[in-house]
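Numbering (full-length UniProt numbering), first residue to last: 1 to 216. The block underneath contains the structure these notes are about, expressed in structure tokens.
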């Protein structure tokens, strides 16, 4: 049986191969499964390659993360397996092409991801009090703090990212101010069980409320 890393690399290789093929007149790479190869149909996420849900995410956040991947602020640490697989997808994107991809992704319907971690919601609610200062009481995100919405996101992806921040795999670049702030914030979570609990609480929140109340 192939490992998640192997499946991720195979999927990434398919996308890179597509990018090398001359496109027909009027077509762009995102028309040819540029995102859906890894992130799933309509951007709902793909646990097999640890690629998160994109549908319903804030355009400003998607743009900032693609720029970070492109510019080397994210996805360069050897421990960030998924980030290192994602970075080659972004390195050749101009800001104009990033905007076009985000506009395309923005047409996908918001779909809540199922809960899979089975943590303690009550304990998670207590841990989330610290998180709410940046991400909002309903995990709807806050544009002014560059903090994205969290409710409805794939819980396995959130756990991977909390691990990455905690271990210094993400947020270590000196120009990644938001990542550094998040890396410091993970210090409030003493162990992986606390991470699982807070994520379980986040995914108990109504993503429709989060989506309606978020900053674009």
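Note that the Cβ used here is the ideal one computed from N, Cα and C, for glycine as well.
- With fewer than 16 other Cβ atoms inside 10 Å of its own Cβ, residue 59 counts as exposed.
- Residue 194: member of the alpha helix (DSSP H) spanning 192-202, first to last residue.
- Closest by C-alpha distance to residue 82, out of 157, 168, 194 and 188, is 157.
- Put simply, of 40, 207 and 203 the residue whose alpha carbon is nearest the alpha carbon of residue 118 is 203.
- Look at the beta carbons and you see the region 70-90 touching the region 172-186: at least three pairs across the two are nearer than 8 Å.
- Within the same chain, and ignoring the five residues on either side of residue 46 in sequence, the residues whose Cβ sits closer than 7 Å to its Cβ are 38, 39 and 40.
- Beta-bridge pairing by DSSP links residue 142 to 147.
- Within the region 23-111, complete beta strand (DSSP E) segments of at least 3 residues are not found at all.
- Residue 188 sits close to residue 130, with the two beta carbons spaced by under 8 Å.
- Annotation: residue 34 to residue 89 spans about 8 Å, alpha carbon to alpha carbon.
- Excluding residues up to 5 positions away in sequence, 80 and 170 lie with their Cβ nearer than 6 Å to the Cβ of residue 164 in the same chain.
- By the CB criterion at 8 Å, residue 206 and residue 151 fall inside the cutoff.
- If you look at residue 130, you'll find it in the alpha helix (DSSP H) that goes 121-135.
- Exclusion of the five residues before and after residue 55 leaves 42, 43, 44, 105, 108, 109, 110 and 111 as the residues of its chain whose Cβ lies within less than 8 Å of its Cβ.
- Residue 63 holds the alpha-carbon nearest to the alpha-carbon of residue 100 among 114, 63, 140 and 134.
- In the structure shown, the three-state DSSP call for residue 169 is coil.
- The straight-line gap separating the alpha-carbon atoms of residue 137 and residue 190 is approximately 21 Å.
- Taking C-beta separations shorter than 6 Å and ignoring five residues to either side along the sequence, the partners of residue 52 in its chain run 45, 154 and 157, following chain order.
- When secondary structure is reduced to three states using DSSP, residue 179 falls in the helix class.
- By the C-beta density criterion, residue 193 is exposed, having fewer than 16 other C-beta atoms within 10 angstroms.
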